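> Below is one structure. I have some questions about it.
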Amino acid sequence: MTDMNPGFFGRIGIAFGAFFGILGNASFAGRVQRLREAPEAPEAPAAAPDFKAEAPKPAAAPVQPAPSALKEASPVAALQLLGLLQRDARFIDFVEEDIVNYSDADIGAAARLVHDGCRNVLREHFTVKPVRTEAEGTRITLQEGFDAAAIRLTGNVVGKPPFSGSISHRGWKVEETRLPKLAPSHDASIVAPAEVEL
């Protein structure tokens, strides 16, 4: 049987194709998700030929794992947060501004205002805590069963846990969200109304 495992450069092409396919196609993303969650079938050892005449047995139907339902995130909360960042920090104005002709000092002064406004929004509407409480640079050991959603391994990741390494970023998790309630008639897509001075 021919080895169907692609080489390194072949895997790079597959990775890029899968990445953009997942971003652009929800159905494809669901199939990839189900494939990742399916248990990997172990390779069967080559069996010696058996020359006894036996009646063929009916093959058992393979048990397919139930597909996990993908949740579609509501854009309303994201639009609401974007509106708060625009209101208090002029975030969209800053990002959409063409800063090529501005000096570094001008950009730095504007960035300070945007930073202060973003920090105010973050602290008013979210309770954010570090994922890990140890200081960055601390050596830790991750045992088998560690939360891979909360801890991303970087560097030379080979083998199985336990893994020993240094914390390069403590991570962030949101413990509480306090977004304002919206009236049913509120159009969240208007993150900043146009202003007309009379």
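Mapping of the sequence shown onto the numbering used here: residues 1 to 198, in sequence order.
All C-beta atoms in this analysis are idealised placements derived from N, C-alpha and C, irrespective of residue type, glycine included.
Remember, predicted model here, so these are calculated numbers, not experimental data.
Per DSSP, Gly165 is paired with what?
One-based indexing of the sequence shown puts residue 165 at position 165. Paired residues: Ile140.
> Considering only the beta carbon of each residue, do Gly108 and Ala89 sit closer than 8 angstroms?
For this step, residue 108 is matched to residue 108 along the sequence shown. For this step, residue 89 is matched to residue 89 along the sequence shown. No, the pair does not count as a contact, with Cβ atoms beyond the cut-off.
> Across which residues does DSSP place Phe126 in a beta bridge pair?
To locate residue 126, count along the sequence shown from 1; it is residue 126. According to DSSP, Phe126 bridges with Thr177.
> Taking the alpha carbon of Glu176 as the point to measure from, which residue in Lys129, Ala110 and Asp104 has its own alpha carbon closest?
Position 176 of the sequence shown, counted from the start, is the residue given in the question as residue 176. Checked all of Lys129, Ala110 and Asp104; the closest Cα to Glu176 is Lys129.
> Given this structure, state the Cα-to-Cα distance separating Ile155 from Glu136, to the nearest angstrom.
In the sequence shown, residue 155 corresponds to position 155, counting from 1. In the sequence shown, residue 136 corresponds to position 136, counting from 1. Strictly speaking, residue 155 in this sequence is Gly, with Ile absent from that position. About 16 angstroms.
> Leaving aside the five residues before and after Asn120 along the sequence, list all residues of the same chain whose C-beta is less than 7 angstroms from its C-beta, in chain order.
Numbered from its first residue, the sequence shown carries residue 120 at position 120. Excluding sequence neighbours, Asn120 sits near Asp88.
> To the nearest angstrom, report how far apart Leu122 and Leu84 are at their CA atoms.
Numbered from 1 along the sequence shown, position 122 holds the residue referred to as residue 122. Numbered from 1 along the sequence shown, position 84 holds the residue referred to as residue 84. If you take the alpha carbons of Leu122 and Leu84, they lie about 10 angstroms apart.
> Distance, Cα to Cα, Ala170 vs Val157?
Indexing the sequence shown from 1 puts residue 170 at position 170. Indexing the sequence shown from 1 puts residue 157 at position 157. Note on identity: in this sequence residue 170 is Arg, with Ala being the wrong assignment. Distance between the alpha carbons of Arg170 and Val157 is about 18 angstroms.
> Looking at C-alpha atoms only, which residue of Tyr102, Ser68 and Val174 is the closest neighbour of Phe126?
Taking the first residue of the sequence shown as 1, we reach residue 126 at position 126. With distances taken between Cα atoms, Phe126 lies closest to Val174.
> On the CB-based measure, 16 or more other CB atoms within 10 Å of its CB, does Leu153 come out buried or exposed?
Taking the first residue of the sequence shown as 1, we reach residue 153 at position 153. Classification for Leu153: exposed.
> If you draw a straight line from the alpha carbon of Ala196 to that of Tyr102, how long is it in whole angstroms?
Taking the first residue of the sequence shown as position 1, residue 196 is located at position 196. Taking the first residue of the sequence shown as position 1, residue 102 is located at position 102. Note that residue 196 corresponds to Val in the displayed sequence, not to Ala. Cα to Cα, Val196 sits roughly 27 angstroms from Tyr102.
> Tell me the rounded alpha-carbon separation between Val95 and Leu113.
The residue given as residue 95 occupies position 95 in the sequence shown. The residue given as residue 113 occupies position 113 in the sequence shown. Distance between the alpha carbons of Val95 and Leu113: 13 angstroms.
> Would you mind sorting Leu81 into buried or exposed? The rule is 16 or more other CB atoms within 10 Å of its CB.
Your numbering for residue 81 matches position 81 in the sequence shown. That one is buried.
> Please report the distance separating the alpha-carbon of Arg178 from that of Ala77.
The residue labelled residue 178 in the question sits at position 178 within the sequence shown. The residue labelled residue 77 in the question sits at position 77 within the sequence shown. Approximately 11 angstroms, taken between the alpha carbons.
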